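Structure, as structure tokens:
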Amino acid sequence: MIIYLHPENPEIRKLKQISERLKDGAIYIFPTDTVYAIIADANSKTAVEKIYSIKKLPKDKPLSLLCKDISMASHFIEYLPNSAYRFMKRVTPGPFTFVLKANKNLPKPSIAHHKDKQIGIRIPDHIYLKELLNIHDSPLTSTSAFSNDEFIIDIDDLETIYGHLVDGIVDGGIVKTELSTMIQIHDDSIELIREGKGYELIQNEIQQLE
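Numbering (full-length UniProt numbering), first residue to last: 1 to 210.
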């Protein structure tokens, strides 16, 4: 089922309905500021297992955690240095994945099979997800939507491939495929893992912090 939202003022009523269904174990596909992503409530074991099944992912492959802001994200991080906090504050929301060590607060369905307890955290800059996270007020688990090793950018293709597997697909138009820039945050350093969208805007800053 394709769901249409206003591009500038997404209907809160529809997002509240999606939020309630997410809490009950539903999964959706949403556009992000990088690619289309399959999302679920991070606390729902049923929904997280659905994502692993649909994507045929090994259970030890980590999924990303979508948070509405750094305050929410910090609740699940074992330690966030001041320099890293200030850096994240400057660049979020945005197309960045921050890899950090998770603490005991992380929803168990999202990390149960992760040996090193590392988690990738995103604070996305897309109006649909930002409004949903404001309403849902708990983290979401996500992974990119692709088929045959190619990212799916067209809503009709998403409907054909995933329509019978998910509870809804939010139409975000053609989403240009750009992976997020991945940044590993250690106790005392910041390390670039992958150059992606937004990297050119923070290149000098990352090099200074590494």
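Ideal Cβ positions, reconstructed from N, Cα and C, are used throughout, including at glycine. Since the model is a prediction, treat every value here as computed from it, not as a measurement.
Checklist entry - Mind checking residue 68: buried by the 16 CB within 10 Å criterion, or exposed? => result buried
Item to check | DSSP bridge partner residues for residue 155 (one or two, in chain order) | outcome: Note: residue 155 sits in no beta bridge, so no partner.
Checklist entry - Considering only residues of the same chain and omitting the five flanking positions on each side of residue 198, which have a CB-CB separation below 8 angstroms? => result 91, 94, 95, 96, 180 and 181
Next on the checklist: Does the structure place the region 141-157 close enough to the region 29-37 that three or more beta carbon pairs sit under 8 angstroms?
Outcome noted: yes
Checklist entry - Can you tell me where the beta strand (DSSP E) with residue 46 in it begins and where it stops? => result It is not in any beta strand (DSSP E) - residue 46 instead sits in the alpha helix (DSSP H) that spans 45-55.
Item to check | Nearest neighbour of residue 44, chosen from 20, 32 and 60 [CA to CA] | outcome: 20
Checklist entry - Are the Cβ atoms of residue 42 and residue 27 separated by less than 7 angstroms? => result no
Item to check | DSSP beta-bridge partners of residue 41 | outcome: 140
Next on the checklist: According to DSSP, is residue 197 part of a helix, a strand, or is it coil?
Outcome noted: strand
Checklist entry - Is the CB-CB distance between residue 98 and residue 121 below 7 angstroms? => result yes
Item to check | contact_flag[the region 183-190, the region 77-85] where n(CB pairs < 8 angstroms) is 3 or more | outcome: yes
Next on the checklist: Can you find the residues in the same chain that come closer than 6 angstroms, C-beta to C-beta, to residue 141, ignoring five residues on each side of it along the sequence?
Outcome noted: 40, 42, 48, 63 and 110
Checklist entry - Grouping DSSP H, G and I as helix and E and B as strand, with all else coil, what is residue 189? => result coil
Item to check | Selected residue, minimal CA-CA separation from residue 1, among 165, 201, 183 and 73 | outcome: 165
Item to check | residue 34 - DSSP class collapsed to helix/strand/coil | outcome: coil
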